[in-house]
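These notes concern the structure reproduced below.
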Amino acid sequence: EPEVTQTPSHQVTQMGQEVILRCVPISNHLYFYWYRQILGQKVEFLVSFYNNEISEKSEIFDDQFSVERPDGSNFTLKIRSTKLEDSAMYFCGSLGWRGGGYTFGSGTRLTVV
Amino acid sequence: DAKTTQPPSMDCAEGRAANLPCNHSTISGNEYVYWYRQIHSQGPQYIIHGLKNNETNEMASLIITEDRKSSTLILPHATLRDTAVYYCIVRVSDNTNAGKSTFGDGTTLTVKP
Chain H
1 EPEVTQTPSH QVTQMGQEVI LRCVPISNHL YFYWYRQILG QKVEFLVSFY
51 NNEISEKSEI FDDQFSVERP DGSNFTLKIR STKLEDSAMY FCGSLGWRGG
101 GYTFGSGTRL TVV
Chain L
114 DAKTTQPPSM DCAEGRAANL PCNHSTISGN EYVYWYRQIH SQGPQYIIHG
164 LKNNETNEMA SLIITEDRKS STLILPHATL RDTAVYYCIV RVSDNTNAGK
214 STFGDGTTLT VKP
């Protein structure tokens, strides 16, 4: 069964550093998403991406965040200057043209120290 | 997206059917009901979705009331591996919409031996 692949599985970074979280969505999917989950809290929407542009973003997704699909296969989330409160699991999801449910990756655990 | 209400927790005996309710009394005519689950800190896993008819797949059945104000996810023969947080989400679904899904607190299902 096709999978969404996320790398790395765990990243530790110092406060103020830039991080890039990488995702390889399912190859024929059209819609791409980033969600995050702070330990013990809800899964929160960050951003959706379609047709090479952001289609919707949440209040969390401020100027420190950006997304790119640089080569037609990878989908990246960049956090420019990490804060302690960015520590969370980050999940990438994708959705095909038929709609239905998202397929999520197994996540990247980001720890900001 | 319409708001959903789920019980915070439920128990189920292994091998028995697990029936997870969801209330979505403000659902709009073009909104679908989706179910996902999250096992420990893994990425959410899509289970099933429906508009107004009952649906069944290899994982579960979805029963939607005639007025569409509530639904029930049925796991016909629960196993220990079905222990997870189950999320009921309503959202518009068509192939021009890349909109977000809003995850609530869900129902923590514990399957007991």
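Order-wise, the sequence lines are chains H and L. Numbering-wise (the numbering used here), the first sequence opens with residue 1 and increments by one. Numbering-wise (the numbering used here), the second sequence opens with residue 114 and increments by one. Note that beta-carbon positions come from the ideal geometry of N, C-alpha and C, so glycine has one too.
Between which two residues does the beta strand (DSSP E) containing residue i stretch?
| i | result |
| --- | --- |
| Gly186 (chain L) | According to the sequence provided, residue 186 (chain L) is Leu. The question's Gly does not apply to it. Residues 183–188. |
| Asn136 (chain L) | 131–136 |
| Gln158 (chain L) | 158–163 |
| Glu53 (chain H) | 53–57 |
| Leu46 (chain H) | 43–50 |
| Tyr145 (chain L) | 144–151 |
| Glu68 (chain H) | 65–68 |
| Met232 (chain L) | With chain L running from 114 to 226 in the structure shown, residue 232 (chain L) is simply not present. |
| Trp34 (chain H) | 31–37 |
| Val112 (chain H) | 108–112 |
| Arg22 (chain H) | 19–24 |
| Arg15 (chain H) | According to the sequence as given, residue 15 (chain H) is Met; it is not Arg. Looking at the DSSP string, Met15 (chain H) is not in any beta strand (DSSP E), and its letter there is neither H nor E. |
| Gln6 (chain H) | 5–7 |
| Gly93 (chain H) | 88–95 |
Which residue's Cα is closest to the Cα of residue i: the options?
| i | options | result |
| --- | --- | --- |
| Glu168 (chain L) | L:Val146, L:His153, L:Ser214 | L:Val146 |
| His190 (chain L) | L:His162, L:Val224, L:Pro157, L:Ile152 | L:Val224 |
| Thr220 (chain L) | L:Asp195, L:Arg204, L:Lys213, L:Val205 | L:Asp195 |
| Leu30 (chain H) | H:Leu39, H:Ser94, H:Thr5 | H:Ser94 |
| Thr215 (chain L) | L:Pro226, L:Val203, L:Leu193 | L:Val203 |
| Leu164 (chain L) | L:Ile152, L:Tyr200, L:Asp180, L:Ala173 | L:Asp180 |
| Ser138 (chain L) | L:Ala130, L:Tyr149, L:Lys182 | L:Lys182 |
| Phe32 (chain H) | L:Lys213, L:Asp218, L:Met123, L:Pro226 | L:Lys213 |
| Gln64 (chain H) | H:Gln6, H:Arg109, H:Val4, H:Gln17 | H:Gln17 |
| Tyr35 (chain H) | H:Leu46, H:Gln41, H:Glu3 | H:Leu46 |
| Leu80 (chain H) | H:Tyr90, H:Ser58, H:Met15 | One detail in the question is off: residue 80 (chain H) reads as Arg in this sequence, not Leu. Nearest option by C-alpha distance: H:Met15. |
| His153 (chain L) | L:Glu144, L:Leu193, L:Val205 | L:Leu193 |
| Met89 (chain H) | H:Gln41, H:Gly99, H:Pro70, H:Phe61 | H:Gln41 |
| Asn136 (chain L) | L:Ser206, L:Leu222, L:Cys201 | L:Cys201 |
| Gly128 (chain L) | L:Asn166, L:Gly142, L:Leu188, L:Glu171 | L:Leu188 |
| Ile161 (chain L) | H:Gly100, H:Cys92, H:Phe91 | H:Gly100 |
| Gly142 (chain L) | L:Met172, L:Asn166, L:Asn170 | L:Asn166 |
My understanding is that residue i touches residue j, with C-beta atoms under 8 Å, so please give their C-beta distance in whole angstroms.
| i | j | result |
| --- | --- | --- |
| Leu133 (chain L) | Thr178 (chain L) | That belief does not hold up - the Cβ atoms of Leu133 (chain L) and Thr178 (chain L) are roughly 14 Å apart, past 8 Å. |
| Lys78 (chain H) | Ser66 (chain H) | 5 Å |
I want to verify the contact list: residues of chain H whose CB lies under 7 Å from the CB of residue i, in sequence order.
| i | result |
| --- | --- |
| Thr215 (chain L) | Phe45 |
| Tyr199 (chain L) | Under the 7 Å cutoff, chain H gives no residues; its nearest Cβ is about 13 Å from Tyr199 (chain L). |
For residue i, which residues in chain H fall below 9 Å Cβ to Cβ?
| i | result |
| --- | --- |
| His162 (chain L) | Gly99, Gly100, Gly101 |
| Asp218 (chain L) | Lys42 |
Verify the contact flag: residue i, CB atom, against every heavy atom of the ligand FAD, threshold strictly below 7 Å.
| i | result |
| --- | --- |
| Pro189 (chain L) | Within the structure as shown, the ligand FAD is missing, as the structure has no ligands at all. |
Can you list the residues of chain H that residue i reaches, using a CB-CB cut of under 8 Å?
| i | result |
| --- | --- |
| Gln155 (chain L) | Ser106, Gly107 |
| Ser206 (chain L) | Gly99, Gly100 |
Interface residues of chain L around residue i at Cβ under 9 Å?
| i | result |
| --- | --- |
| Met15 (chain H) | Near Met15 (chain H) there are no residues of chain L at all, since even the closest Cβ is about 23 Å away, more than 9 Å. |
Could you work out which residues of chain L lie near residue i, taking near to mean beta carbons separated by less than 8 Å?
| i | result |
| --- | --- |
| Phe91 (chain H) | Gly156, Pro157 |
Legend entry - Cβ pair count under 8 Å reaching 3, the segment 15–32 of chain H against the segment 68–88 of chain H: yes
Legend entry - Inter-stretch contact at 8 Å, needing at least 3 Cβ pairs: the segment 115–128 of chain L / the segment 40–56 of chain H: The segment 115–128 of chain L makes no contact with the segment 40–56 of chain H; the number of CB pairs closer than 8 Å stays below 3.
Inset, instruction - Determine contact between the segment 144–163 of chain L and the segment 94–112 of chain H, defined as no fewer than three beta-carbon pairs at a distance below 8 Å. - result: yes
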